[in-house]
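Every position in the sequence shown, counted from 1, becomes a number in our numbering once 1229 is added.
Ideal Cβ placement from N, Cα and C applies to all residues, glycine included.
Small disclaimer: the values here were computed from a predicted structure and weren't measured.
A quick write-up on the structure given underneath.
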Amino acid sequence: MPGQRVGRSSTSGSALEKTLRITEALTAFGGPHRLAELSVAAGVPKSSTYRILVSLVEQGYAVTDGEGSYGVGLRLRTLAAEIGADRPEGIGELLEFLQKCTGQTVHLALRSGNALTYIRKIESTVRTHPTSSRVGMRVPLHATAIGKAVLAHLAPEETEGILRATGMPALTRRTVTHRADLADELRTVRERGYAVDDEEHEPSVRCLGVPVFDRAGVPVGGVGLTASAFLSTRAELERFAPALQEAARGVQRRLQLGG
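What follows is the structure, encoded as structure tokens:
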């Protein structure tokens, strides 16, 4: 495996050092890589390598095929893209432009296991209304606009597995809690290209979400607009769908170029 380190003690180093070495091995040319390869390249025992990889997958820094191979996750690609973004079409600039065009709060979230993790948030500068969202926060798929945009484009068996594992708890009185109702909504999402959270995750908050795909066409997260239900009707928010879709395509291109 390219980049393999020879002679490194498999027991030396702090947990942080081991994590960094595994991350370096993960990004070596020729991925995805097998667990055994990563263990040898990083100089970390296989059992410790596995535990660290599980954590990296949960946080979105790594991905796995479930059969022992691991690759670079979209969250790590995001960091790479942002570090290298020295042109106006960088991810941060795209999200900021979207916020200025719409006046609404903008979120970028990536799938992390059976949930989403917010990795960017740009607050509205006009007509502000406080929301509970924050960078690093994990939120469910079934009750958020970005989450439903992701679910709509997963393989049916994967969507079913997620919902079976997490359930569909009611977070507000408007949360969709029945599989059949959600299935109908996901069909609509696929047809129109965006999803809506109409006070389903948080009272008095409406969101619009568009998926972001990796190079294989798998939805790995999305971009969303968040507005106060007191200040914007659903129809007013949905008028921003074309701008949101265009921004999501730009973010997707930048993320894919990150690796």
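### Task
Could you check how far apart the C-beta atoms of residue 1293 and residue 1286 are, in whole angstroms? I think they sit under 8 Å.
Walking along the sequence shown from the start, residue 1293 turns up at place 64. Walking along the sequence shown from the start, residue 1286 turns up at place 57. Confirmed, Cβ separation roughly 5 Å.
### Query
Counting along the chain, where does the beta strand (DSSP E) carrying residue 1299 start and finish?
On the sequence shown, position 70 is the one that residue 1299 refers to. Here the beta strand (DSSP E) through residue 1299 covers 1298–1301.
### Message
Give me, in chain order, the residues of the same chain whose beta-carbon lies closer than 6 Å to that of residue 1438; leave out the 5 immediate sequence neighbours on both sides.
### Response
By 1-based counting over the sequence shown, the position of residue 1438 is 209. These residues qualify, in order along the chain: 1374, 1375, 1378, 1424, 1451 and 1453.
### Query
Which residues in the same chain as residue 1422 place their Cβ atom closer than 8 Å to its Cβ, once the five residues preceding and following it in sequence are excluded?
If you number the sequence shown from 1, residue 1422 lands on position 193. Taken in chain order, the residues that qualify are 1439, 1470 and 1474.
#### Entry: Inter-residue CB distance, residue 1283 and residue 1255 (contact presumed, cutoff 8 Å)
Counting from 1 along the sequence shown, the entry for residue 1283 is found at position 54. Counting from 1 along the sequence shown, the entry for residue 1255 is found at position 26. Residue 1283 to residue 1255, Cβ: 13 Å. No contact.
### Query
Contact between the stretch 1398–1407 and the stretch 1426–1446: three or more CB pairs below 8 Å?
yes
### Through-space distance from residue 1276 to residue 1239, alpha-carbon basis
By 1-based counting over the sequence shown, the position of residue 1239 is 10. By 1-based counting over the sequence shown, the position of residue 1276 is 47. Residue confidence is low: residue 1239 scores 44 on pLDDT, short of 50, so the model does not pin down where it sits. Its coordinate-derived value is still stated next. When rounded, the distance between both Cα atoms is 11 Å.
### Query
Tell me which same chain residues have a C-beta within less than 8 Å of the C-beta of residue 1472, skipping the five on either side of it?
In the sequence shown, counting from the first residue as 1, residue 1472 sits at position 243. Once the five neighbours on either side are set aside, the close Cβ partners of residue 1472 are 1327, 1330 and 1331.
### Query
What did DSSP end up calling residue 1448 once you bin it into helix, strand or coil?
Here the question's residue 1448 lines up with position 219 in the sequence shown. Residue 1448 falls in the strand class under three-state DSSP.
### Message
Between the alpha carbons of residue 1380 and residue 1291, how many angstroms are there, rounded?
### Response
Against the sequence shown, residue 1380 aligns to sequence position 151. Against the sequence shown, residue 1291 aligns to sequence position 62. When rounded, the distance between both Cα atoms is 20 Å.
### Message
Buried or exposed, going by whether 16 or more other CB atoms sit within 10 Å of the CB of residue 1267?
### Response
Walking along the sequence shown from the start, residue 1267 turns up at place 38. Burial call: buried.
### Selected residue, minimal CA-CA separation from residue 1446, among 1434, 1485 and 1362
Indexing the sequence shown from 1 puts residue 1446 at position 217. If we check each option's Cα against that of residue 1446, 1485 comes out closest.
### Reduced DSSP category for residue 1482 - H, G, I as helix; E, B as strand; rest coil
Position 253 of the sequence shown, counting from 1, holds the residue named residue 1482. Three-state result, residue 1482: helix.
### Query
DSSP state of residue 1326, grouped into three classes?
On the sequence shown, position 97 is the one that residue 1326 refers to. Looking at residue 1326 - three-state DSSP - the assignment turns out to be helix.
### Message
Going by the DSSP bridge assignment, what does residue 1350 pair with across the sheet?
### Response
Position 121 of the sequence shown, counted from the first residue, corresponds to residue 1350. According to DSSP, which records beta bridges pairwise, residue 1350 is partnered with 1336.
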